[in-house]
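This report refers to the structure that appears directly beneath it.
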Amino acid sequence: MSILNNQDIENKHITVNEKPDNRISQEWDVVYADEWKGEPGKGELNEEYGLYIERPFYIQSAMGSKRYLEVINSRNMVIKTKSTVKTQQWWFDQKSFTIKTKLNNQSWDITGGKGDQMRIWSTNSQWYQIFKFNGSQFVNVEKAARVLDVDGAKDEEARKVIVKANNG
Amino acid sequence: MQVLAVDGEKDEEARKTIVANNNGRVSQKWNVIYLDKSGKDETKGLNEEFGFHINRPFYMRSRMPMKRVMQCHGAGWIHLNRWKKNRNDQLFWFDEKTKTVHSQQWKNYAIERYSNGGHPYMRATTTINSRWW
């Protein structure tokens, strides 16, 4: 069984494909109701995503100056010196599985799935908006598993933030 | 040599049996089950061949990022939807007797491939014939 057009979208028809093609849209888990407590609620840890639900947080770069992730011009993500502005505050939304800004509740977005620039955008929960935190890196859910990265590894004010192949 | 066989190799209710040339296919193979060994139909536990626990409600959850689950829509089409607490139309159970997967909301509906398998969409139906679709 598969999902129509391989799209992870609400109300998509369940279909049967003639040939398996190893896409994740054909993969399912049978989860018995008496063993599953359901999705975690507000304030609880989503273990798969590594983040607490609706609990605001900052994101600090591990580079020398320990700058914070910030959104500038209400759009682009950069690193800047710590402040208390909402543009540096983020929260994890269980409904969309996206990380949102406290500024206007838009979600992280890899420029609509094209390129590598990180920005905030209206929430659509497509693959280019979904990241998991593994304790030290924010990893995109696409197969390439690109991670959040400071462009050119330059620890400077307002340096843009991108996604890049994991270099550890 | 001719052997007992299911006509046309069709695994359907009330299908006639015939004798045919031996081709070694499953439609010509049988088990003899003695009454004193047959026992009752299982009502719980794992059916290893089908991979489901019998009569035990379950979700079918996609491995795509949103982890949506299958949901019966009005005892008809089956769609992908976000999990919601206490929704029986997102739960299914395996029926050992018919070897089909049923909706927990509409318990006499089994899931099938629409149009006797001729259409790729999945739906729920009360016409349970345990055919391949």
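Protein sequences, first through last, are from chains Z and Y. Using this note's numbering, the first residue of the first sequence is number 1, and each one after it goes up by one. Using this note's numbering, the first residue of the second sequence is number 1, and each one after it goes up by one. All residues carry an ideal CB built from backbone N, CA and C; glycine is no exception.
Exposed or buried, residue i, counting other C-beta atoms within 10 Å across all chains shown (16 or more means buried)?
i             : result
residue 28/Z  : buried
residue 153/Z : exposed
residue 110/Z : buried
residue 71/Z  : buried
residue 89/Y  : buried
residue 1/Y   : exposed
residue 97/Y  : exposed
residue 112/Y : buried
residue 25/Y  : exposed
residue 145/Z : exposed
residue 80/Z  : buried
residue 46/Y  : exposed
residue 8/Z   : buried
What residues of chain Z sit near residue i, judged by a beta carbon separation below 8 Å?
i             : result
residue 107/Y : The premise fails here: residue 107/Y is roughly 14 Å from chain Z at the closest Cβ pair, so nothing lies under 8 Å.
residue 85/Y  : 38
Strictly by DSSP, which residues pair up with residue i?
i             : result
residue 77/Z  : 71/Z
residue 160/Z : 78/Z
residue 71/Y  : 79/Y
residue 5/Y   : 18/Y
residue 124/Y : 111/Y
residue 61/Y  : 29/Z and 69/Y
residue 107/Z : 100/Z and 121/Z
residue 91/Z  : 100/Z
For residue i, return the contacting residues in chain Z, with the cut-off set at a CB-CB distance below 7 Å.
i             : result
residue 165/Y : Summary: the structure shown does not reach residue 165/Y, with chain Y confined to residues 1 through 133, and so no result is reported for it.
residue 131/Y : Going along chain Z, no residue has its Cβ under 7 Å from residue 131/Y, so there is no contact; the nearest lies around 14 Å.
residue 113/Y : 16
residue 46/Y  : In chain order: nothing, as chain Z lies at least about 11 Å away.
Would DSSP call residue i helix, strand or coil?
i             : result
residue 90/Y  : helix
residue 98/Y  : coil
residue 100/Z : strand
residue 13/Y  : coil
residue 12/Z  : strand
residue 141/Z : coil
residue 108/Y : coil
residue 33/Z  : helix
residue 151/Z : helix
residue 130/Z : coil
residue 7/Z   : coil
residue 27/Y  : helix
residue 103/Y : strand
residue 59/Z  : coil
residue 53/Z  : strand
Measure from the alpha carbon of residue i to the alpha carbon of each residue in the options, then state which is nearest.
i             : options                    : result
residue 165/Z : 156/Z, 40/Z and 141/Z      : 141/Z
residue 59/Z  : 156/Z, 148/Z and 154/Z     : 148/Z
residue 157/Z : 24/Z, 67/Z and 136/Z       : 67/Z
residue 80/Y  : 33/Z, 123/Z and 15/Z       : 15/Z
residue 104/Z : 95/Z, 46/Z, 24/Z and 121/Z : 121/Z
residue 23/Z  : 4/Z, 40/Z, 57/Z and 41/Z   : 4/Z
residue 95/Y  : 59/Y, 21/Y, 41/Y and 78/Y  : 41/Y
residue 43/Z  : 93/Z, 65/Z and 78/Z        : 93/Z
Residue i versus chain Y: which residues are under 7 Å apart at the beta carbon?
i            : result
residue 12/Z : 79 and 80
residue 15/Z : 120, 121 and 122
Please compile the residues from chain Y whose C-beta is within a distance smaller than 9 Å of the C-beta of residue i.
i            : result
residue 97/Z : 65, 66 and 67
residue 54/Z : Here the premise fails: no neighbours, minimum Cβ distance about 17 Å.
So which residues on chain Z does residue i lean against when the C-beta distance must stay under 9 Å?
i            : result
residue 52/Y : 30
residue 61/Y : 28, 29, 30, 31 and 36
Give the residues of chain Y in contact with residue i, contact being defined as C-beta atoms less than 8 Å apart.
i            : result
residue 25/Z : 62 and 64
residue 8/Z  : 62, 64, 65, 66, 68 and 80
Do residue i and the ligand COA come close, with the Cβ less than 7 Å from some heavy atom?
i             : result
residue 144/Z : With respect to the ligand COA, the structure shown offers nothing to examine, as it has no ligands at all.
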